[in-house]
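Encoded as structure tokens, the structure appears first; notes follow it.
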Amino acid sequence: MTTLLIAEHDNASLKDATNKALTAAAELGAEVHVLVAGENAKGAAEAAAKLKGVTKVLLADGASYAHDLAEPLAALIVALAPNYDAFVAPATSRAKNVMPRVAALLDVMQVPEITKVIAPDTFERPIYAGNAIQTVKSKDAKKVITVRTSTFAATQAGDAAAPIENAASATDPGLSSFVGEEVAKSDRPELTSAKIIVSGGRAMQSRENFAKYIEPLADKLGAGVGASRAAVDAGYAPNDWQVGQTGKVVAPELYVAIGISGAIQHLAGMKDSKVIVAINKDEDAPIFQVADYGLVADLYQAVPELTEALARLGK
Numbered sequence: 000m001t002t003l004l005i006a007e008h009d010n011a012s013l014k015d016a017t018n019k020a021l022t023a024a025a026e027l028g029a030e031v032h033v034l035v036a037g038e039n040a041k042g043a044a045e046a047a048a049k050l051k052g053v054t055k056v057l058l059a060d061g062a063s064y065a066h067d068l069a070e071p072l073a074a075l076i077v078a079l080a081p082n083y084d085a086f087v088a089p090a091t092s093r094a095k096n097v098m099p100r101v102a103a104l105l106d107v108m109q110v111p112e113i114t115k116v117i118a119p120d121t122f123e124r125p126i127y128a129g130n131a132i133q134t135v136k137s138k139d140a141k142k143v144i145t146v147r148t149s150t151f152a153a154t155q156a157g158d159a160a161a162p163i164e165n166a167a168s169a170t171d172p173g174l175s176s177f178v179g180e181e182v183a184k185s186d187r188p189e190l191t192s193a194k195i196i197v198s199g200g201r202a203m204q205s206r207e208n209f210a211k212y213i214e215p216l217a218d219k220l221g222a223g224v225g226a227s228r229a230a231v232d233a234g235y236a237p238n239d240w241q242v243g244q245t246g247k248v249v250a251p252e253l254y255v256a257i258g259i260s261g262a263i264q265h266l267a268g269m270k271d272s273k274v275i276v277a278i279n280k281d282e283d284a285p286i287f288q289v290a291d292y293g294l295v296a297d298l299y300q301a302v303p304e305l306t307e308a309l310a311r312l313g314k
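So the sequence shown is numbered by numbering that gives the first Met the number 0: it starts at 0 and just counts up by one.
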């Protein structure tokens, strides 16, 4: 059994989600090849070749793969399909766009967001916003899998680099074209790879309060900034900050929830965090049921005091 891992990267380097998805791919008990598709992506391919357990890297370098368009990438994966028994990708926005197309073109069922590999054909995945764990056994000859990376450790570099081969480009279906993009730039770590996350909820009341209370605390901790869906929908925070069932699923070492009540959809995205700290003036807020440390207080008083205390400690 040979598995093809679809790498998440920025052309120059791999993203942490790839290293974690590789851990799951290796647990299938198969030889693992990595597909790096992009434009001028040799740097990412070289990084993939150094990962432990990777036996080959396929580099598909071309303009059609430059902007993560789902159709040409899905066509490429399907063109490579005869040589592979399983296709694995981290459950990122990119993979959620690509992998269902791959499954449809191969006429198989997708197994999304697995959290555990029991056997090469049997997996665990959360359902009902993470309140139940489903065991899935796939009878398809080819498995199409996405991995919830928050539950897998990252694979580190090995002793020797795997060979890099050029993959022949597949015919572009021509169903989509790149028009433009607006990329938010930040010095803070990405939510999915951040070790500390500070999140704000609807109680923040405005975008200005996010900037005044949440962001200074995050900067003191070297943390990523998150938000509940309610805060995002209200316009207090951008979409890429959203944590939860319909946002990003994270599992940092420390998650600080400020002014977040703890709706089940939000908990589904962060309850695997190692340590959860909640600040809320409502002592009956559901967030306190999953929090390791809870502070019942007015966030507009408690958060500045916490930020000042960290400043005194030299953070």
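Glycine included, every Cβ here is placed at the ideal spot set by N, Cα and C.
The model shown is predicted, which means the values in this text are computed figures rather than measured ones.
(1) May I have the straight-line CA-CA distance separating Leu216 from Pro303, to the nearest angstrom?
(2) Which stretch, first to last residue, makes up the beta strand (DSSP E) that contains Leu27?
(3) Write down the C-beta distance between Thr114 and Thr150 rounded to the nearest angstrom, noting that I regard them as a contact closer than 8 Å.
(4) How far does the alpha helix (DSSP H) with Glu214 in it extend, from its first residue to its last?
(5) Does the CB of Glu38 have a neighbour CB from chain B at under 8 Å?
(6) Distance check for Lys138 and Lys184, CA to CA, integer angstroms please.
(7) May I ask you to report which of helix, strand or coil DSSP gives Lys247?
(8) Using the C-alpha atoms, what's the distance from His265 back to Ala236?
(9) Cβ of Ser272 within 8 Å of Cβ of Ala250?
(10) Smallest Cα separation from Lys95: which of Ala78, Ala69, Thr306?
(11) Please tell me whether Tyr83 and Thr2 are closer than 8 Å, where the distance is taken between their beta carbons.
(12) Helix, strand or coil for Ala59, going by three-state DSSP, please let me know.
(13) Which term fits Met269, buried or exposed, when burial requires 16 or more other beta carbons within 10 angstroms of its beta carbon?
(14) To the nearest angstrom, how far is it from the Cα of Ser192 to the Cα of Leu50?
(15) Hey, quick one: how far does the alpha helix (DSSP H) through Thr306 stretch, first residue to last?
(16) With DSSP run on the structure shown, which of helix, strand or coil describes Val97?
(17) Rounded to the nearest angstrom, how far is the Cβ of Ala44 from that of Val31, given a contact under 8 Å?
(18) How many angstroms separate the CA atom of Leu4 from the CA atom of Leu21?
(19) Suppose you measure from the CA of Val87 to the CA of Ala161; what does that come to, to the nearest Å?
(20) Can you give the Cα-Cα distance for Ala73 and Val97, rounded to whole angstroms?
(21) With 16 as the cutoff for other CB atoms within 10 Å, does Asn238 come out buried or exposed?
(22) Just verifying my parser: in three-state terms, what is the DSSP assignment at Gln241?
(23) Whole angstroms is fine: what's the gap from Asp283's alpha carbon to His66's?
Taking the definition as stated:
(1) 8 Å
(2) Looking at the DSSP string, Leu27 is not in any beta strand (DSSP E), and its letter there is neither H nor E.
(3) 4 Å
(4) 214 to 220
(5) The displayed structure is made up of one protein chain only, and chain B is not part of it.
(6) 43 Å
(7) strand
(8) 15 Å
(9) yes
(10) Per the C-alpha coordinates, the member of Ala78, Ala69, Thr306 positioned closest to Lys95 is Ala69.
(11) Contact: yes.
(12) strand
(13) buried
(14) 18 Å
(15) Counting along the chain, Thr306 sits inside the alpha helix (DSSP H) bounded by residues 298 to 311.
(16) Residue state, collapsed to three classes: helix.
(17) Not a contact, Cβ separation roughly 15 Å.
(18) Spanning the two alpha carbons is a distance of roughly 7 Å.
(19) Cα to Cα, Val87 sits roughly 19 Å from Ala161.
(20) 6 Å
(21) exposed
(22) strand
(23) 46 Å
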